[in-house]
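Visitor: Got a structure here, written out as structure tokens. Questions coming.
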Amino acid sequence: MRIRLIILLVMISFFFSLNAQVNVNDSTVAAFSPTIAYAYQFPGGDIAEQYGNNSTIGGGMMYKSKKNILFSLDVNFIFGSDIKNSDSILRFVLTDAGFIIDGNGVYALYTMYERGYSINLRVGKVFNLLAANPNSGIFFMGGMGYLAHRMNIDVQHETAPQITGDYAKGYDRLTAGFNLNQFIGYYFMSKSRVLNFYAGFEFYQAFTKSQRDYIFD
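For the sequence shown, numbering that gives the first Met the number 0 begins at 0 and goes up steadily by one.
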């Protein structure tokens with residue numbers, strides 16, 4: 000099965016420049032920098048049938064050449080709590096009242112979350128437009144990577160065997176595969192180069208398939 004994922008996000012990253020001897024106000028500089036990023040995501044396509052909006056937090060490394068070419072590697076953790084049709088997914092283990100009876104004969108306490116991750120390689124360029132210095136401006140990036148996501152069922156005290164352990168794999172919708180991504184935003188390198196940022200909008204198209212041999216529902 001092919002699942003298409005389109006995500007619109009706002010990302011901000013802060014990093015430290017490694018080249019301190021050149022004036023960024025009048026010269027382009029090369030910088031090799033760690034990044035930390037947060038994004039709020041809006042799913043579309045097939046994935047929107049399973050999940051609502053979510054967030055990611057991640058980190059990576061970015062290199063900007065003296066020609067304002069960007070190269071980056073990043074890893075992002077996906078998390079969210081908006082699971083659509085959760086009652087339908089667990090319908091075979093729910094009572095008529097919509098509860099799950101645990102191993103102690105009482106109602107199980109559980110929560111369903113979205114969890115996942117992506118690993119991406121990207122390349123792009125900074126264009127010196129609306130820029131405070133030659134190292135800043137509008138930038139574009141594109142890349143490819145690997146994306147995986149699943150539904151995590153968290154059962155308090157692990158008392159409901161029908162939705163824990165190996166049985167949980169029959170409900171978790173583990174899906175993974177290749178992705179393409181595009182980014183447009185603004186890149187800013189401060190005069191001090193101690194704390195810099197970029198922000199913008201990113202789009203993913205993921206071509207994924209189920210990683211489970213069975214789905215209970």
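Built from N, CA and C at the ideal position, the CB exists for glycine as well.
1. When the distance is taken between beta carbons, is Met150 closer than 8 Å to Tyr170?
2. Checking 8 Å against the spacing of the C-beta atoms, do Thr128 and Gly141 come in under that value?
3. Taking the alpha-carbon of Phe182 as reference, which of Gln204, Ala47 and Met188 has the nearest alpha-carbon?
4. Per the contact definition of three or more C-beta pairs closer than 8 Å, is the segment 41-54 in contact with the segment 82-96?
5. Under 6 Å Cβ to Cβ from Lys63, same chain only, skipping five residues before and after it: list those, please.
6. Would you mind working out which of Phe202, Tyr186, Pro133 and Ile118 sits nearest Gly58, comparing C-alpha positions?
7. Run through DSSP, which three-state label would Tyr166 get?
8. Tell me the residue span of the beta strand (DSSP E) that contains Asp153.
9. Only counting the same chain, and skipping five residues up and downstream in sequence, which positions put a Cβ closer than 8 Å to that of Ile214?
Guide: The structure says:
1. On the sequence shown, residue 170 is found 171 positions in, with the first residue counted as 1. On the sequence shown, residue 150 is found 151 positions in, with the first residue counted as 1. One thing to note: Tyr170 has its Cβ within 8 Å of the Cβ of Met150.
2. For the purposes of this step, residue 128 is identified with residue 129 of the sequence shown, where counting begins at 1. For the purposes of this step, residue 141 is identified with residue 142 of the sequence shown, where counting begins at 1. Thr is not the amino acid found at residue 128; the sequence shown has Leu there. For Leu128 and Gly141, no; Cβs fall outside 8 Å.
3. Stepping through the sequence shown from its first residue, residue 182 is reached at position 183. Relative to Phe182, the option among Gln204, Ala47 and Met188 whose CA is nearest is Gln204.
4. Segments in contact, yes.
5. Counting from 1 along the sequence shown, the entry for residue 63 is found at position 64. Same-chain partners within the cutoff: Ala30 and Leu69.
6. Mapped onto the sequence shown, residue 58 falls at position 59. When the alpha-carbon of Gly58 is set against those of Phe202, Tyr186, Pro133 and Ile118, the nearest one is in Ile118.
7. By one-based count along the sequence shown, residue 166 stands at place 167. In this structure, DSSP gives Tyr166 a helical state, which the three-state scheme calls helix.
8. The residue labelled residue 153 in the question sits at position 154 within the sequence shown. Asp153 -> beta strand (DSSP E) spans Gly136 to Val154.
9. On the sequence shown, residue 214 is found 215 positions in, with the first residue counted as 1. Excluding residues within five positions, the ones whose Cβ falls inside 8 Å are Gly169, Tyr170 and Arg172.
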